[in-house]
Ligand code: NAD
Ligand code: DAU
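Residue numbers (the working numbering): 49 to 380.
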């Protein structure tokens with residue numbers, strides 16, 4: 049298969065490209081990525097010429113059309129992804145997530161190419177903390193809270209409309225919180241790991257009672273691959289690994305792994321409109337496509353992630369000071 053991977057120099061996309069090259073040598077991989085602050089050519093460098101990086105924007109219609117014309121399938125990861133950034137300035141989110149997805153859709157429509165659209169559980173809004181058995185399903189109404197979530201919700205709706213009205217052969221997936229190698233240091237887990245590795249203190253928003261449903265990035269990507277291979281056109285698949293944890297719990301697990309006292313962190317200003325809880329019911333995906341996560345020991349997967357950041361300081365160190373300066377300005 050000739051795959052076009054948008055956002056393939058970002059966290060999940062780069063992991064997808066690595067696993068595709070390793071496990072599907074029969075595929076050819078072209079990455080389209082504009083290398084925003086979140087994109088990293090270095091993340092793809094270990095692959096040499098096993099994947100081709102085209103530096104360009106998903107809103108550039110002629111470029112997208114040309115690349116889509118040479119592909120059998122598009123896996124669309126490219127997006128602005130950080131909630132705090134969307135609260136500070138939503139404009140890039142509207143452009144990349146909405147106009148960018150529209151541009152990709154028009155190209156796959158013209159060229160008759162298969163699309164998989166990668167989205168997030170944040171489109172569903174949040175759940176109350178009290179009852180962890182209540183989880184998102186594909187029937188949960190959209191109710192996004194942040195500008196990020198709203199633009200992802202809008203992009204999902206564009207995909208659904210292009211399937212219905214134009215017969216575009218697209219599938220969608222909405223996944224929970226990922227962690228693992230190559231995640232930008234602005235995000236919760238890598239921020240805390242690299243804070244501790246650089247002599248800073250860990251930072252917890254509010255009380256830390258908010259719950260996220262964690263999945264290792266490799267498991268997210270095996271699900272994406274399974275949907276690409278066997279998913280039904282027009283279908284939305286929810287991806288999750290049954291791993292709800294409060295932020296405080298995650299932080300304390302991390303502090304333990306890194307040999308610190310469980311109270312060795314700072315409480316900082318909470319996020320505006322902070323979603324309380326996300327939780328995915330992945331039963332439909334498991335039953336229909338036989339997918340299952342393999343990184344199910346959360347503490348072990350977290351410890352492996354800590355090792356990766358220890359071993360790959362050259363990758364993240366150049367990003368760290370600027371990210372922390374931005375957080376400091378916002379009191380976080
Ligand atoms: P990321 O921020 O690490 O990477 C995004 C990539 O997209 C970067 O390489 C960036 O340069 C590129 N990009 C952004 N705007 C672009 C544009 N206009 N043109 C071309 N490239 C552009 O994000 P991530 O965490 O890897 O997320 C990838 C996708 O998965 C996103 O669509 C996100 O909504 C979704 N998702 C993420 C998570 C998570 O926990 N990280 C969970 C569920 C879904
Ligand atoms: O649920 C999927 C989503 O997960 C993806 O769609 C997003 O792209 C991805 O960024 C992530 O969104 P979150 O907002 O849940 O992730 P983030 O890593 O920013 O924060 C996770 C939780 O940790 C959240 O409740 C806020 C909190 N937090 C975050 C940071 C950066 C802290 O307590 N301290 C921090 O320093």
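The beta carbon of each residue, even a glycine, is placed where N, CA and C say it ideally should be. Bear in mind that the values here come from a model prediction, so they are computed numbers and not experimental data.
- If you check the C-beta of residue 146 against the ligand DAU, you find no heavy atom less than 7 Å away.
- Cα atoms of residue 292 and residue 110: separation of roughly 43 Å, rounded to the nearest angstrom.
- For the beta strand (DSSP E) assignment, the uninterrupted runs of no fewer than 3 residues enclosed by the stretch 280–308 are, from N- to C-terminal side, 284–287 and 292–294.
- For residue 251, the enclosing beta strand (DSSP E) stretches over residues 250–253.
- By the rule of a C-beta closer than 6 Å to any heavy atom of the ligand DAU, the residues picked out are 129, 130, 131, 168, 169, 170, 224, 225, 235, 236, 239, 251, 252, 253, 258, 260, 295, 319 and 326.
- Contact between the stretch 160–176 and the stretch 261–275 is present: 3 or more CB-CB pairs across the two stretches fall below 8 Å.
- Excluding residues up to 5 positions away in sequence, 149, 153, 163, 165, 216, 218 and 220 lie with their Cβ nearer than 8 Å to the Cβ of residue 207 in the same chain.
- DSSP lists 77 and 121 as the beta-bridge partner residues of residue 51.
- For the ligand NAD, a non-hydrogen atom lies closer than 7 Å to the CB of residue 61.
- The bridge partners DSSP lists for residue 103 are 81.
- Across the structure, residue 329 and residue 340 are spaced so that their CA atoms are roughly 12 Å apart.
- For residue 157, the uninterrupted alpha helix (DSSP H) segment begins and ends at 148–159.
- With fewer than 16 neighbouring CB atoms inside 10 Å of its own CB, residue 317 falls in the exposed class.
- In terms of CA proximity to residue 52, 101 leads the group 373, 349, 101 and 91.
- Between residue 79 and residue 177, the beta carbon gap of about 39 Å keeps them out of contact (Cβ cut-off 8 Å).
- Excluding sequence positions up to five before and after residue 134, its CB lies within less than 6 Å of the CB of 141, 194, 195 and 196, all in the same chain and listed in chain order.
- For residue 133, the enclosing alpha helix (DSSP H) starts and ends at 131–136.
- Between residue 245 and residue 357, the C-beta gap is smaller than 8 Å, which places the two residues in contact.
- With fewer than 16 other CB atoms across the displayed protein chains lying within 10 angstroms of its CB, residue 342 is exposed.
- Counting along the chain, residue 356 sits inside the alpha helix (DSSP H) bounded by residues 346–359.
- Nearest C-alpha to residue 115 among 132, 129, 77 and 89: 77.
- In this structure, residue 81 has its beta carbon less than 7 Å from a heavy atom of the ligand NAD.
- Residue pairing from DSSP places residue 314 in a beta bridge opposite 251.
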